[in-house]
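In my numbering, the protein residues as written are 237 to 603. Read the structure below first, then the notes.
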Ligand SMILES: [Zn+2]
Ligand SMILES: [Zn+2]
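Here it is as structure tokens:
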């Protein structure tokens, strides 16, 4: 049996549709028909060769929702029930080794040096070859943590759970904040939208979002932002004045960087109150150094800085719960849908920021 995938063969060149053989499954491996594949901002960086983890050739796509077509032997969900053919599933995109110091001693599998990620660091040459979601089919290794998501929900709405959603869940897991806290979110992209939704869910009193797109800022308001500031029509000083005036002159309790832009770090740290926290989730590739006045903005203020690198199964679970609970709201995040053969157009729509979230629907062209 054969399947199709869009393959990145050369950086900055269009992905190419290739026909691939579906391999025999190893024990407890799962053959998945991809129903929806999220096109992530980090896919655009990978396509341009800006992410140092990217091997070539590769099938991109680390955000997937699909239907179980085949399973070799037995495989159970993280919740314990057996996985069955016909189930709709999503999974933790990262597979860690469960044996190293980070996995077994620190219990932080997202830091595992052996972590393999579908669509990110698993080349087309690596068995079982179907390692990315820009495809009609994907093979999940036995050690993948899988969730049954049921058949009612729109697959496209669920795809970002395992990426942006889980990353934001990870951030607030690293730094839980008390009920009523004021949270600043820099950047109204998918990460920022999830950050608004989580902050609201966790009981933030004020949620302030800064960003450069009026449309995205409006969306953040629908998700629960109490104030939005357009950085294209305000100066750094004006934003600072507004935020200080809303926080008794102190600054915010927690700021979340969701931009991947070093200049945001400098501004954001200046807006955190004494003893507050700065969570950085937006950098998916190295953008270069950022300069901060470490004594004034960090030490003197007793600020906690928390870098957040990817996520684990627990975070995927938390994000899935959030999206299931607010499915209508999250459906407004999906701005573009494409067929598998339109993956290049989808990457362009994400790269130009025309799309907030683009999703490939590989089965659309088949039916
Ligand atoms: Zn992603
Ligand atoms: Zn490990």
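Yeah, the Cβ is synthetic: ideal placement off N, Cα and C, and Gly gets one too. As the structure is a prediction and not an experimental result, all values here were calculated from the model.
Between the Cα of residue i and those of the options, spot the shortest distance and give me the residue it belongs to.
i           : options            : result
residue 500 : 489, 515, 511      : 515
residue 371 : 556, 251, 483      : 251
residue 331 : 382, 582, 285, 292 : 382
residue 364 : 486, 563, 261, 558 : 261
residue 290 : 548, 306, 520, 541 : 520
residue 322 : 385, 417, 255      : 385
residue 280 : 265, 296, 475      : 296
residue 540 : 464, 310, 443, 412 : 412
residue 351 : 517, 329, 450, 550 : 329
residue 237 : 366, 498, 576      : 366
residue 441 : 463, 454, 387      : 463
residue 490 : 307, 466, 517, 555 : 517
residue 425 : 577, 263, 571, 240 : 571
residue 433 : 400, 451, 414      : 400
residue 239 : 593, 592, 588, 577 : 577
residue 355 : 333, 556, 292, 344 : 292
residue 497 : 334, 318, 522, 480 : 522
residue 333 : 380, 373, 387      : 380
Return the CA-CA distance between residue i and residue j, expressed in angstroms with no decimal places.
i           : j           : result
residue 245 : residue 586 : 20 angstroms
residue 282 : residue 298 : 12 angstroms
residue 276 : residue 420 : 23 angstroms
residue 273 : residue 448 : 27 angstroms
residue 294 : residue 248 : 13 angstroms
residue 590 : residue 584 : 8 angstroms
residue 603 : residue 271 : In this prediction, residue 603 has a pLDDT of 43, which is less than 50 and means its spatial position is unreliable; what the coordinates show is noted afterwards. Cα-Cα distance, rounded: 12 angstroms.
residue 301 : residue 529 : 43 angstroms
residue 598 : residue 267 : 15 angstroms
residue 242 : residue 368 : 9 angstroms
residue 508 : residue 582 : 36 angstroms
residue 445 : residue 456 : 7 angstroms
residue 378 : residue 579 : 28 angstroms
residue 305 : residue 477 : 56 angstroms
residue 487 : residue 510 : 8 angstroms
residue 313 : residue 468 : 46 angstroms
residue 435 : residue 470 : 24 angstroms
residue 504 : residue 257 : 49 angstroms
residue 217 : residue 558 : Residue 217 lies beyond the residue range present for the chain, which begins at 237 and ends at 603; the question has no answer from this structure.
residue 307 : residue 320 : 8 angstroms
residue 459 : residue 309 : 42 angstroms
residue 532 : residue 513 : 14 angstroms
residue 542 : residue 255 : 43 angstroms
Starting from residue i, follow its DSSP beta bridges and name the residues at the other end.
i           : result
residue 491 : 420, 514
residue 442 : 418
residue 607 : Nothing about residue 607 can be read from this structure; the chain reaches only from 237 to 603.
residue 306 : 267
residue 574 : 596
residue 324 : 303
residue 239 : 256
residue 543 : 516
residue 466 : 447
residue 580 : Partner(s): none; residue 580 has no beta bridge.
residue 384 : 325
Which whole-angstrom value describes the C-beta separation of residue i and residue j, a residue pair presumed to lie in contact below a C-beta threshold of 8 angstroms?
i           : j           : result
residue 552 : residue 402 : 4 angstroms
residue 534 : residue 422 : The pair is not a contact, with the Cβ atoms about 17 angstroms apart (cut-off 8 angstroms).
residue 526 : residue 502 : 6 angstroms
residue 429 : residue 569 : 6 angstroms
residue 595 : residue 573 : 5 angstroms
residue 346 : residue 548 : 5 angstroms
residue 567 : residue 390 : 6 angstroms
residue 265 : residue 341 : Between residue 341 and residue 265 the Cβ distance is about 28 angstroms, and since that is not below 8 angstroms, they are no contact.
residue 269 : residue 373 : 6 angstroms
| Quick one: complete beta strand (DSSP E) runs, 3+ long, within the region 249-303? | 252-257, 266-275
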